[in-house]
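In the numbering used here, the protein residues as written are 30 to 225.
From the three backbone atoms N, C-alpha and C, an ideal C-beta is built for every residue, glycine too.
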């Protein structure tokens, strides 16, 4: 199930839709103007994919996707992981703060303010919400895609993000998609996402 990334000027709409039992994919084009859609704890998709048991469980999925693309399973896996990779191993999002957990276990927290939305154009048109922080040590610019939520827990609950200290333009032009997932993500959920 591929949910569309959505945009809107009212930050309460995603919460209202979920409370009403509607999927976020039912509405096209909503941007979040606060951190509410991302609230909670997230882990790097690549950190889970690198767990030996998860990697082993996904070998058949890598082989299938590689065959579809005319490449080896290892080439397909390497390409996917390089697009999703990030030095950030986890994120905890609260009302207006993001705490980033780095690979060495250290944490960086910043208070973030919404500063607008942007649509990037490439293989697909993608909607991003832009946030900035002035806090010491925090990344100055963070772009977040609306989370894709698997309400029946069969697909991958995740979001893509980009971050840096040189403004939004380099982030908008990037070709990577650092990815955060729910901490309880399973190999089957990754495999379902790969097959989309």
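Looking at the DSSP output, residue 149 sits in a beta bridge with 155. When only Cα atoms are considered, residue 204 and residue 79 end up about 22 Å apart. Contact between residue 117 and residue 158 fails: their C-beta atoms lie close to 17 Å from each other, not under 8 Å.
The criterion of a C-beta distance shorter than 8 Å is satisfied by residue 189 and residue 207. Unbroken alpha helix (DSSP H) stretches of 4 residues or longer found wholly inside the region 61-90: 74-78, 81-86, given in chain order. DSSP places residue 170 inside the beta strand (DSSP E), whose first and last residues are 170-173. CA-to-CA, the gap between residue 142 and residue 191 works out to about 15 Å. Membership of residue 190 in the beta strand (DSSP E) is indicated by the continuous run 187-193.
Taking all protein chains in view, the Cβ of residue 115 is crowded by 16 or more other Cβ atoms within 10 Å, so the residue is classified as buried. 209 is the residue among 177, 209, 216 whose C-alpha sits nearest the C-alpha of residue 71. The bridge partners DSSP lists for residue 197 come to none. When only Cα atoms are considered, residue 221 and residue 184 end up about 6 Å apart.
The C-alpha of residue 106 is placed about 31 Å away from the C-alpha of residue 61.
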